[in-house]
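These notes are about the structure you will find just below.
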DNA sequence: TCGTTTCTTGGGAACGCTCCCAATTTCGGG
DNA sequence: CCCGAAATTGGGAGCGTTCCCAAGAAACGA
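Structural data, given as structure tokens:
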């Protein structure tokens with residue numbers, strides 16, 4: 019059963035002084051006699067006093083809290099980013115409220131409402147694969163609560179974005195595939211609507227172009243990131259008269275699934291099909307052969323997102339230019355391609 | 019820049035009525051004329067009114083929020099539990115605040131302070147491997163804020179616990195190993211202080227005893243869950259004059275690491291060393307051979323923990339008996355053992 | 001010694017909301 | 001048409017803080 023909360027008035031009464039003085043002592047305000055301060059601090063400690071943040075926030079209108087909304091928790095990617103973001107935020111005296119949307123648009127909307135209700139000072143968000151209506155984010159604009167996008171961004175809202183050079187990363191991956199002698203390189207991409215997917219595809223095409231490999235739209239397939247469907251697409255590739263000899267996948271789980279399926283067919287990776295993923299998830303060193311993949315700088319993404327957000331929160335400049343930070347990726351060559 | 023927040027007074031003034039009426043309309047109180055209510059709701063919508071939860075909570079002294087503190091985010095285990103807990107909590111009208119402690123005692127203490135500061139109505143917690151001082155949890159007792167432990171529990175605090183039948187799970191795993199003809203079954207456990215580890219070890223011993231396999235303490239090693247150290251312990255096992263032919267590991271990441279190392283030595287799993295893990299992490303179907311492991315009922319754990327917590331929050335009974343819910347595990351036999 | 005500056009303290013408004021109580025309006029039955 | 005009950009509304013206290021302002025105490029130079 020919840021007990022009566024100890025308030026500064028309780029302390030003031032017990033000490034026979036005013037709540038103002040208690041408040042001052044508790045907030046390290048200079049204008050308190052040293053002796054008084056000590057008595058107050060001591061009693062507060064003894065009574066297990068805990069400042070009621072609601073009343074504080076009610077006055078301050080700032081919660082020293084930022085929110086982070088991520089689309090899913092299945093890959094290690096987002097949890098890892100959260101860990102980094104949390105560290106950085108704490109460093110600056112901010113708490114982090116976490117929510118995950120289960121790749122579901124409605125849940126994302128609900129999550130942003132929670133953030134609003136919790137009166138976060140700002141929000142980091144990475145969109146679900148379904149999100150293509152942004153009204154729930156416009157609320158933040160209207161209320162003047164800063165947002166920073168990361169990873170899954172959106173162009174329709176003017177807010178800073180932290181992304182990775184997907185184009186370059188894909189380019190490097192495909193170029194590597196070419197350098198190992200692969201001639202027919204396919205690409206299994208995610209939902210066409212996602213910017214990440216668009217950019218990786220563009221990098222893929224560019225690498226082919228630069229190396230004078232004719233573009234073949236048939237070699238590019240899009241899917242909804244539901245791993246169970248990978249088999250369908252892989253079978254399609256294998257059923258082509260001129261089969262691909264390499265496959266650049268939109269992310270690591272997809273690549274890993276592909277490797278499993280290829281091996282189940284009795285074929286070899288990378289000899290029969292070279293496979294490259296994207297992100298360097300933890301699982302990528304577990305598959306056999308170990309996955310060649312494009313590493314994303316997790317730590318930097320998390321930290322940068324928080325930094326940009328706090329920048330916005332702290333400064334009061336109105337005509338603020340939304341910047342996009344593009345972080346470098348790194349090709350990690352292992353055994354799958 | 020943060021804009022002025024729209025308040026019920028703004029609405030009241032614009033409509034020439036009192037804030038009381040506005041408040042009533044906005045909280046679905048019956049005593050408001052239908053017409054008035056409509057005007058208010060309409061204007062509120064138009065002005066993008068958002069109820070200030072601080073003032074509400076300040077009055078209510080309840081936040082409709084529960085916290086969850088987990089030791090880490092590296093395995094898929096905790097993120098998955100969070101997803102389930104969040105669903106269940108939302109179902110009951112509660113928000114979930116998430117924090118992860120990085121397997122670090124100080125961070126855990128800080129996290130619980132955050133929960134206190136956010137005035138959560140209750141907290142779910144799974145302890146770090148380092149935690150053996152529980153003062154930060156006693157605060158919750160003193161303040162009458164309910165706690166529910168899950169997975170990594172603690173006996174020193176009287177609070178409901180949701181755990182899995184580790185003993186049974188381990189027993190089944192080892193028994194299976196024996197049934198496949200393994201004679202010298204080793205166990206690589208985690209920190210001796212963790213109850214989970216104790217129980218799994220007990221199940222391991224019991225399975226051996228029941229099958230008349232002499233107990234050999236040398237076959238049991240404890241480590242700090244830092245995967246880089248797995249190699250040391252595995253080498254130790256291999257250096258024994260009478261090498262083990264099977265290894266029951268404390269969790270899946272450990273088992274997977276073992277499999278990798280065994281294969282790197284040119285040995286075969288399960289022929290040279292059968293390996294079994296615990297938890298059925300996502301990665302367990304990625305390793306080769308696929309990992310035999312003891313599945314934990316993630317969904318049930320998350321849901322049960324929330325249920326027990328809300329039970330406590332809602333009821334006002336003082337002399338409440340702390341119950342421990344033990345969920346069943348399930349041995350999933352794959353190829354590693 | 002006194003006036004003036006500097007410390008230290010207390011009082012009270014304010015934050016945005018809910019909720020109790022009293023005032024006002026509406027309405028139906030006699 | 002009047003009266004009491006029911007419906008609707010307004011006023012104001014209070015939730016636990018912070019912060020401004022003023023008052024009182026102490027200190028200090030002349």
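Chains as they are written, first to last, in the working numbering: chain F, 19 to 355; chain R, 19 to 355. Beta carbons: idealized from backbone N, C-alpha and C, even for Gly.
Bounds of the alpha helix (DSSP H) holding residue 257 of chain R are 248-257.
Of the candidates F:120, F:84, F:94 and F:261, the residue whose Cα lies closest to the Cα of residue 104 of chain F is F:84.
Any Cβ of chain R closer than 8 Å to the Cβ of residue 180 of chain F would place that residue at the interface, and such an atom is absent. Put simply, the CB of residue 91 of chain F is near chain R, with a gap under 8 Å to one of its CB atoms.
Nothing from the segment 260-273 of chain R brings a Cβ to less than 8 Å from some Cβ of chain F. At a cut-off of 8 Å, the C-beta of residue 85 of chain R has no neighbouring C-beta in chain F. Chain-order list of chain F residues neighbouring residue 301 of chain R: 301 and 304, by C-beta distance under 7 Å. Residue 33 of chain R carries a helical assignment under DSSP once its states are collapsed to helix, strand and coil. Look at residue 325 of chain R here: in three-state DSSP terms it is helix.
DSSP places residue 311 of chain R in the strand class (E or B) of the three-state scheme. At least 8 Å separates the beta-carbon of residue 129 of chain F from that of residue 72 of chain R. Counting the other Cβ atoms within 10 Å of the Cβ of residue 174 of chain R gives fewer than 16, which makes it exposed. Inter-residue distance for residue 166 of chain F and residue 122 of chain R is about 29 Å (C-alpha atoms, whole angstroms). Ranked by Cα distance from residue 55 of chain F, the options F:181, F:43, F:64 and F:143 are led by F:43.
Between residue 202 of chain F and residue 268 of chain F, the gap from beta carbon to beta carbon reaches 8 Å or more. Residue 355 of chain F and residue 297 of chain F have their C-alpha atoms roughly 15 Å apart.
Around the beta-carbon of residue 200 of chain F, 16 or more other beta-carbon atoms lie within 10 Å, marking it buried. In terms of CA proximity to residue 299 of chain F, F:312 leads the group F:290, F:312, F:266 and F:240. Along the length of the segment 54-123 of chain F, whole alpha helix (DSSP H) runs at least 4 residues long occupy 71-78 and 95-109, reported in chain order.
Membership of residue 354 of chain R in any beta strand (DSSP E) is not indicated, and neither H nor E is assigned to it by DSSP. Around the beta carbon of residue 187 of chain F, a 10 Å sphere encloses 16 or more other beta carbons of the protein chains shown; the residue is thus reported as buried.
Taking 8 Å as the cut-off, the beta carbon of residue 295 of chain F is found no closer than this to the beta carbon of residue 264 of chain F. In the DSSP assignment, residue 294 of chain R falls within the beta strand (DSSP E) that extends over 292-297.
Linking residue 226 of chain R to residue 116 of chain F through their CA atoms gives a straight-line distance of about 44 Å. Of the candidates F:50, F:171, F:255 and F:139, the residue whose Cα lies closest to the Cα of residue 216 of chain F is F:171.
Among the residues of the segment 62-73 of chain R, those with a Cβ less than 8 Å away from any Cβ of chain F are 66, 68, 69, 70, 71, 72 and 73, in the order of the chain. Scanning F:213, F:245 and F:181 for the CA closest to the CA of residue 343 of chain F turns up F:181. The CB of residue 320 of chain F never comes closer than 9 Å to any CB in chain R; the least such distance is about 12 Å. Interface annotation, residue 143 of chain R: not in contact with chain F, CB-CB separation never under 8 Å. From the beta-carbon of residue 134 of chain F, the residues of chain R found nearer than 8 Å are 68. Counting only the Cα atoms, residue 118 of chain F lies some 14 Å from residue 148 of chain F. A contact between stretches requires three or more CB pairs, one per stretch, nearer than 8 Å, and the segment 133-146 of chain F fails this requirement with the segment 275-295 of chain F. Nearest in C-alpha terms to residue 270 of chain R, of all of R:208, R:331, R:320 and R:253, is R:208.
By alpha-carbon distance to residue 310 of chain F, the top candidate from F:246, F:237, F:192 and F:247 is F:192. Chain order gives no chain R residues near residue 52 of chain F, where near means a beta carbon separation below 7 Å; the closest approach is about 27 Å. Residue environment: residue 155 of chain F is assigned as buried (16 or more neighbouring CB atoms within 10 Å of its CB, all protein chains considered).
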